[in-house]
């Protein structure tokens, strides 16, 4: 009867039969031989048959043992292979998690200013796992966050340097503007000198805008801060006064709203940068159109130029800059010839929560749209200074060439042959007291502490046309607010 080893599976019966069958055949052959041989030889044949049967039994037992050992080893090997496959799959998932979740989270925490050790404790996977794989992953994370931390320290140092440089320039510009303001007060009766001073003041404002841009790139706010809400008209005029080709900008319809004080300067600066781009990258004989429209989410400021438009590469670059509005400053992204305009606008938009979009213009150029949200505007428009009567007839600004030509026409030669300046016929203008003298008096200050940004442009218009400043300007009324001329 065939035997089956205890504990063997039913699938192991056939190998057991194969091992027992040789023993049975050998025993049968031995019996047959004993019966077939003569009687005197049967004892010897029986002994040989017994030995043969025992030998076959021993061989069969050894074969069975080895077969069971091989089966057990095969089963263990399969278990080990299955375990290794599960471990490899888990390690692969952990590596993907390291690359897609843990490292970006660690970098993000570092950029938000969290300490390195705290980031390591929060992000490192399985801090108590002693396996080599877990230790290696923790070492990778530690090396990465140490490298990123060093880079962040360098970036923050560069940003602080940017801001410090910008603040120094702004302080110098502020002092220079103060000096020019005092000179305007002293020489306000001379229209030629007054015009030249305003021209220098406008150049000073352009330098101030560049310094503000550097400060914004360093993560700071623009230097000027307003204390009162400013009307949208004054905001747009203030932005126009901070670019070189302001005379090419045509201001269309303006919604009668005011911008909340803390958002005035960022908005002026952003619109000025977009206007500068529009005038810089469009033909000098074309007009840049500036208008506002009331939309459901707030106020949309539209700037349209008639330039060549954006190529596919330029469009992708502009979208990438605007999409990285909140990303840390990377000096390599600025390139050898830095283009700061869109980068500054993107950062201002991110910090102040207004949206900036670039679209094709109806004039085949670019249309920039700035959407100001409702929470940054108010329907209470502050009182505006009236436009001086002598400026109400002005439709456009004279060019620099016209201004210089006009300046050269006011000279004549005296009796000794030397050139002498000839005043225009403007009528008698009484010399008012100096603002510094009036500051020492007990006269009350003007009701409005700050002049809206647009009035600086009006004064500049009057100066370049050879007209003296208004009496209230030269008499010191609102003298402190003259610092509101855009820088």
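In the numbering used here, the protein residues as written are 41 to 527. Beta carbons: idealized from backbone N, C-alpha and C, even for Gly.
Within a 10 Å sphere around the beta-carbon of residue 262 sit 16 or more other beta-carbons, which makes this residue buried. Non-local beta-carbon contacts of residue 255 in its own chain, meaning distances under 8 Å to residues more than five positions away in sequence, involve 202, 203, 206, 207, 210, 261, 262 and 263 in chain order.
Between residue 227 and residue 237, the C-beta gap is smaller than 8 Å, which places the two residues in contact.
Rounded to the nearest whole angstrom, the C-alpha separation of residue 83 and residue 116 is 49 Å.
Cβ contact annotation for residue 298 (same chain, cutoff 8 Å, sequence separation greater than five): 269, 270, 271, 272, 417, 418, 419, 420, 421 and 422, in chain order. Put simply, the stretch 333 to 346 touches the stretch 405 to 416. At least three CB pairs are less than 8 Å apart. Where residue 408 is concerned, the enclosing beta strand (DSSP E) starts and stops at 406 to 413. Setting aside the 5 residues that flank it on each side, residue 323 is surrounded in the same chain by 346 and 347, each with a C-beta closer than 8 Å to its C-beta; the list follows chain order. For residue 227, no alpha helix (DSSP H) encloses it, and the DSSP letter there is neither H nor E. In this chain, the alpha helix (DSSP H) harbouring residue 274 covers 272 to 280.
Counting every other CB atom within 10 Å of its CB across the protein chains shown gives residue 194 a total below 16, marking it as exposed. Residue 242 is classed as buried because its beta carbon has at least 16 other beta carbons within 10 Å across all chains shown. By the neighbour-count definition (other C-beta atoms within 10 Å, threshold 16), residue 101 is an exposed residue. Collapsing the DSSP output to three states places residue 343 in a strand.
Using a Cβ distance threshold of 8 Å, residue 361 and residue 389 do not count as a contacting pair.
Pairwise C-beta distances place the stretch 144 to 154 out of contact with the stretch 108 to 115, as fewer than three of them are shorter than 8 Å.
With contacts defined by Cβ atoms closer than 8 Å, residue 398 and residue 358 form a contacting pair.
Taking 8 Å as the cut-off, the beta carbon of residue 282 is found closer than this to the beta carbon of residue 246. By the neighbour-count criterion, in which 16 or more other beta carbons inside 10 Å mark a residue as buried, residue 401 falls on the buried side. With three or more CB-CB distances shorter than 8 Å, the stretch 165 to 180 counts as touching the stretch 134 to 145.
Rounded to whole angstroms, residue 310 and residue 339 show a C-alpha spacing of 15 Å. Ranked by how close their Cα comes to the Cα of residue 95, the residues 77, 62, 119 and 74 have 62 in first place.
In the three-state DSSP reduction, residue 183 falls in the helix class (H, G or I). Residues 165, 177, 180 and 181 of the same chain have their beta carbon placed closer than 8 Å to that of residue 138, with the five preceding and five following residues left out of the count. For the stretch 132 to 218, the full-length alpha helix (DSSP H) segments reaching 4 residues or more read 143 to 151 and 156 to 163 along the chain.
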